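Asker: Sharing a structure, written as structure tokens. Questions coming.
Residue numbers (this note's numbering), protein chains in the order written: chain Y, 1 to 371; chain C, 1001 to 1258.
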């Protein structure tokens, strides 16, 4: 029998204890998987958000709690557009929690002639016009949820807006949301002459890094985001999520390792005569330690596997509980699974080292004599 | 009785006494215990014990509890180290080994009073344990274990768990396990202590027969007076000291290492 087969046999001999230990590890890893999956989903969302209309950069107010609370002067849009390295700009006013029928839906305020709105494909009705501020176009994923059709009236904030079109952009967050004229969004949010964000399309041949450096030099109060990871870290809330995830990873490692160590130590104490016997028949300390470590590893990897299932389900429940299901889809990537497995292995190794050392140093003479 | 000192594998195979799967065992080891003492704190468990066992000899250690029989076997088997004196198994000074597990794996087989079979493993897997330590290939392990179980009369019980066996059968499995790596020396500590008289007789018969067949040196400790009937020599211990017997005196001076 290999060490792995012997470890599996030992675990099968005490299935209840092994399962409970694995479950303890699973809860820790499940929490990590859920947070990482939500975080990965949020990164994906942020990536789609800053690349609205295939733009390269997203500009926000520096030190805002999160990108949705950013406030920038609308006049900056025109100043930026004059730069030779800028191809086009678009001001966006975000309205969050303003649709009573679906609080998770984001309403984007933008000028009707801006580049993002020109990409819209309308499945019914037409685009926003400059003629009437009390109009709204809604995404084809939001429309069925609201049972809304062209001609219906939809409440956003305290304004009643008429649905003039239903569009498809191919970006979940925008197809699950709606667009209104920028002036209407500013009126609803109370930020007249201001926008939440400015998205920038660069002139052909301009490097994103160069543009970022130029903008930061000229407008030090701006946060310039060029990729999704930066977007997620942009606000204090994103930073908080990242820190909470790190803290939970460390806690899960500690608690999981202590759990595995406790179980393995109990097992070593109970099985002193077994280790003494193995030593007496010629097993070296390394071989005995390897057996104990393998058992710890198998239990923690089993815990990691259960944790991945719990975490994947937990992530979906978490975004629903936070009311973020419409714009954040948990993303259980290979990297998320890899990290969970790595943490499981670390738990097994850390938790198994001391019990393995104890087992390797059982005195066969004493342990067998005590029997 | 002349100790068996067979040395060649072909002899065993030709005798038909060793199954092809089991293979030949190494010749028995010569054991020299030279003025050995063992102290635990202020308590001296062994006091200046000397002993010589010839290759292939079966020696019985008798004496009451606390006489030091188990301690002496543990010292010979490198499970413990003497406080003073030296022990040689062939040319190896076992008290000075840096890797005693290697020595135990290759040279010694233990049989204990409690069989110490692992309850989660099958009978065959228990017999394979020393071979796992020796990195014997899986197929060879299985073949050798089945052969050894046949030698102890348990060929049809290899897939059973120890809990399915009687006390005597478990002890026979323990004997098969002790022989797994072809040891030159088998140390049996009260192997019949937990058995009834019939099972005890069978275990002694088996050890004696295996010694005759394989030429392995056997040192067995027991309260059981019937052990002496099966052994070449019986040595009595009392209060950590060796008490010479008439049988011991029969051993040539050269063999005693005096």
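C-beta atoms are modelled at their ideal positions from N, C-alpha and C, and glycine is treated no differently. Computed from a predicted structure; not experimentally measured.
Can you tell me where the alpha helix (DSSP H) with residue 219 of chain Y in it begins and where it stops?
Answerer: The residue labelled residue 219 of chain Y in the question sits at position 219 within the first chain. First-last for residue 219 of chain Y: undefined, no H or E at that position.
Asker: Between which two residues does the beta strand (DSSP E) harbouring residue 135 of chain Y extend?
Answerer: The residue labelled residue 135 of chain Y in the question sits at position 135 within the first chain. 135-139 is the extent of the beta strand (DSSP E) around residue 135 of chain Y.
Asker: Are there 16 or more other CB atoms within 10 angstroms of the CB of residue 105 of chain Y, so buried, or fewer, so exposed?
Answerer: If you number the first chain from 1, residue 105 of chain Y lands on position 105. The residue in question, residue 105 of chain Y, is buried, as its Cβ has 16 or more Cβ neighbours within 10 Å.
Asker: Helix, strand or coil, according to DSSP, for residue 1219 of chain C in the structure here?
Answerer: Within the second chain, numbered from 1, the residue matching residue 1219 of chain C stands at position 219. Note: residue 1219 of chain C maps to strand in three-state DSSP.
Asker: Would you call the segment 1209-1224 of chain C in contact with the segment 1046-1061 of chain C, where contact means no fewer than 3 C-beta pairs closer than 8 Å?
Answerer: Yes, they touch.
Asker: Does any residue of chain C bring its CB to less than 7 Å from the CB of residue 270 of chain Y?
Answerer: Reading the first chain from its first residue, position 270 is the one you call residue 270 of chain Y. Chain C contact via Cβ: absent.
Asker: Using the DSSP secondary-structure output, state which residues sit across from residue 202 of chain Y in a beta bridge.
Answerer: Numbered from its first residue, the first chain carries residue 202 of chain Y at position 202. Y/86, per the DSSP bridge assignment.
Asker: Assign residue 1243 of chain C to one of three DSSP states: helix, strand, or coil.
Answerer: In the second chain, residue 1243 of chain C corresponds to position 243, counting from 1. DSSP places residue 1243 of chain C in strand when its eight states are reduced to three.
Asker: Which two residues bound the contiguous beta strand (DSSP E) that contains residue 1192 of chain C?
Answerer: Within the second chain, residue 1192 of chain C is the residue found at index 192, counting from 1. Residue 1192 of chain C -> no beta strand (DSSP E), and no H or E assigned at all.
Asker: Residue 13 of chain Y versus chain C: which residues are under 8 Å apart at the beta carbon?
Answerer: In the first chain, residue 13 of chain Y corresponds to position 13, counting from 1. Per Cβ cutoff of 8 Å: 1119, 1120.
Asker: Taking Cβ-Cβ distances shorter than 7 Å, what residues in chain D pair up with residue 1080 of chain C?
Answerer: Absent from the structure: chain D. Protein chains present are Y and C.
Asker: Going by other Cβ atoms of all chains shown within 10 Å of its Cβ, with 16 needed for buried, is residue 364 of chain Y buried or exposed?
Answerer: Along the first chain, read from residue 1 onward, the residue named residue 364 of chain Y stands at position 364. So residue 364 of chain Y ends up on the buried side.
Asker: Within 10 angstroms of the Cβ of residue 321 of chain Y, are there 16 or more other Cβ atoms? Answer buried if so, exposed if not.
Answerer: For the purposes of this step, residue 321 of chain Y is identified with residue 321 of the first chain, where counting begins at 1. Flag for residue 321 of chain Y reads exposed.
Asker: Less than 7 Å between CB atoms is the rule here; does residue 333 of chain Y satisfy it with respect to chain C?
Answerer: Reading the first chain from its first residue, position 333 is the one you call residue 333 of chain Y. Taking Cβ atoms only, chain C never reaches closer than 7 Å to residue 333 of chain Y, which makes this a no.
Asker: Kindly list the residues whose CB is nearer than 6 Å to the CB of residue 1157 of chain C, restricted to its own chain and excluding five residues on each side of it in sequence; keep chain order.
Answerer: As a position in the second chain, residue 1157 of chain C is number 157, starting the count at 1. Within the same chain, residue 1157 of chain C has close Cβ partners 1123.
Asker: Chain Y beta carbons: is any one of them nearer than 7 Å to that of residue 1130 of chain C?
Answerer: Numbered from its first residue, the second chain carries residue 1130 of chain C at position 130. Yes, its Cβ sits closer than 7 Å to a Cβ of chain Y.
Asker: Is residue 318 of chain Y close to chain C? Criterion is C-beta to C-beta, closer than 7 Å.
Answerer: Position 318 of the first chain, counted from the first residue, corresponds to residue 318 of chain Y. Cβ-Cβ to chain C under 7 Å: no for residue 318 of chain Y.
Asker: Interface residues of chain Y around residue 1176 of chain C at Cβ under 8 Å?
Answerer: Translated into positions along the second chain, residue 1176 of chain C becomes position 176. The contacting residues do not exist; residue 1176 of chain C stays about 12 Å from chain Y at best.
Asker: How many whole angstroms separate the CB atoms of residue 68 of chain Y and residue 80 of chain Y, which I take to be in contact at a CB cut-off of 8 Å?
Answerer: Residue numbering aside, residue 68 of chain Y sits at position 68 when the first chain is read from its first letter. Residue numbering aside, residue 80 of chain Y sits at position 80 when the first chain is read from its first letter. Not a contact, Cβ separation roughly 21 Å.
Asker: Kindly list the residues whose CB is nearer than 8 Å to the CB of residue 1034 of chain C, restricted to its own chain and excluding five residues on each side of it in sequence; keep chain order.
Answerer: Your numbering for residue 1034 of chain C matches position 34 in the second chain. So the list reads 1050, 1085, 1086, 1087, 1088, 1257, once near-sequence residues are dropped.
Asker: Hey, does residue 284 of chain Y have any beta-carbon neighbour from chain C nearer than 7 Å?
Answerer: For the purposes of this step, residue 284 of chain Y is taken as the residue at position 284 of the first chain. Yes, residue 284 of chain Y counts as interfacial toward chain C.
Asker: Would you report the Cα separation of residue 1008 of chain C and residue 1027 of chain C, rounded to the nearest angstrom?
Answerer: Counting from one through the second chain, the residue named residue 1008 of chain C turns up at place 8. Counting from one through the second chain, the residue named residue 1027 of chain C turns up at place 27. With a pLDDT of 33 at residue 1008 of chain C, under the threshold of 50, the modelled position of that residue is not reliable, and the figure given next carries that caveat. For residue 1008 of chain C and residue 1027 of chain C, the distance between alpha carbons rounds to 8 Å.
Asker: CB residue 1046 of chain C to CB residue 1068 of chain C, shorter than 7 Å?
Answerer: Within the second chain, numbered from 1, the residue matching residue 1046 of chain C stands at position 46. Within the second chain, numbered from 1, the residue matching residue 1068 of chain C stands at position 68. Taking 7 Å as the Cβ cut-off, residue 1046 of chain C and residue 1068 of chain C qualify as a contacting pair.
Asker: Could you tell me the boundaries of the beta strand (DSSP E) in which residue 178 of chain Y lies?
Answerer: Looking up residue 178 of chain Y in the first chain gives position 178. Start and end: 178-181.
Asker: What are the residues that DSSP puts in a beta bridge with residue 1088 of chain C?
Answerer: Counting from one through the second chain, the residue named residue 1088 of chain C turns up at place 88. According to DSSP, residue 1088 of chain C bridges with C/1032, C/1093.
Asker: Return the Cβ separation of residue 1117 of chain C and residue 1173 of chain C in integer angstroms, given the expectation that the two are a contact with Cβ distance under 8 Å.
Answerer: Looking up residue 1117 of chain C in the second chain gives position 117. Looking up residue 1173 of chain C in the second chain gives position 173. Yes, residue 1117 of chain C and residue 1173 of chain C are in contact; Cβ-Cβ is about 6 Å, under 8 Å.
Asker: Work out the CA separation of residue 11 of chain Y and residue 1143 of chain C for me, nearest whole Å.
Answerer: The residue labelled residue 1143 of chain C in the question sits at position 143 within the second chain. The residue labelled residue 11 of chain Y in the question sits at position 11 within the first chain. When rounded, the distance between both Cα atoms is 26 Å.
Asker: Which residues in the same chain have their Cβ closer than 8 Å to the Cβ of residue 159 of chain Y, if we skip the five residues on either side of it in sequence?
Answerer: Locating residue 159 of chain Y in the first chain gives position 159, where the first residue counts as 1. Counting only Cβ-Cβ distances below 8 Å, and skipping sequence neighbours, we find 134, 184, 187, 188.
Asker: Would you mind giving the Cβ-Cβ distance between residue 260 of chain Y and residue 25 of chain Y, rounded to the nearest angstrom? I have them listed as a contact below 8 Å.
Answerer: Reading the first chain from its first residue, position 260 is the one you call residue 260 of chain Y. Reading the first chain from its first residue, position 25 is the one you call residue 25 of chain Y. Yes, they are in contact, since the Cβ atoms of residue 260 of chain Y and residue 25 of chain Y sit about 7 Å apart, within 8 Å.
Asker: Mind listing which residues of the segment 1157-1174 of chain C have their C-beta closer than 8 Å to chain Y's C-betas, in chain order?
Answerer: Against chain Y - using a Cβ distance shorter than 8 Å - the segment 1157-1174 of chain C contributes no residues.
Asker: Which same chain residues, not among the five before or five after residue 153 of chain Y, have their C-beta less than 6 Å away from its C-beta?
Answerer: By 1-based counting over the first chain, the position of residue 153 of chain Y is 153. Cβ within range, chain order: 160, 162.
Asker: Quick one: does residue 8 of chain Y have its CB under 7 Å from some CB of chain C?
Answerer: As a position in the first chain, residue 8 of chain Y is number 8, starting the count at 1. Not one chain C Cβ lies under 7 Å of residue 8 of chain Y.
Asker: Could you confirm whether any beta carbon from chain C is found closer than 7 Å to the beta carbon of residue 4 of chain Y?
Answerer: For this step, residue 4 of chain Y is matched to residue 4 along the first chain. By this cut-off, residue 4 of chain Y is not an interface position.
Asker: Anything in chain C within Cβ reach of residue 17 of chain Y, meaning under 7 Å, just list it in chain order.
Answerer: On the first chain, position 17 is the one that residue 17 of chain Y refers to. Chain C residues near residue 17 of chain Y: none, gap ~13 Å exceeds 7 Å.
Asker: Entirely within the segment 101-155 of chain Y and at least 4 residues each: give me those alpha helix (DSSP H) ranges in chain order.
Answerer: Listed in chain order, the complete alpha helix (DSSP H) runs (minimum 4 residues) inside the segment 101-155 of chain Y are 115-118, 142-146.
Asker: Among all the DSSP beta bridges, which residues are the ones paired with residue 166 of chain Y?
Answerer: Walking along the first chain from the start, residue 166 of chain Y turns up at place 166. The partner list for residue 166 of chain Y (beta bridge, DSSP) reads Y/124, Y/138.
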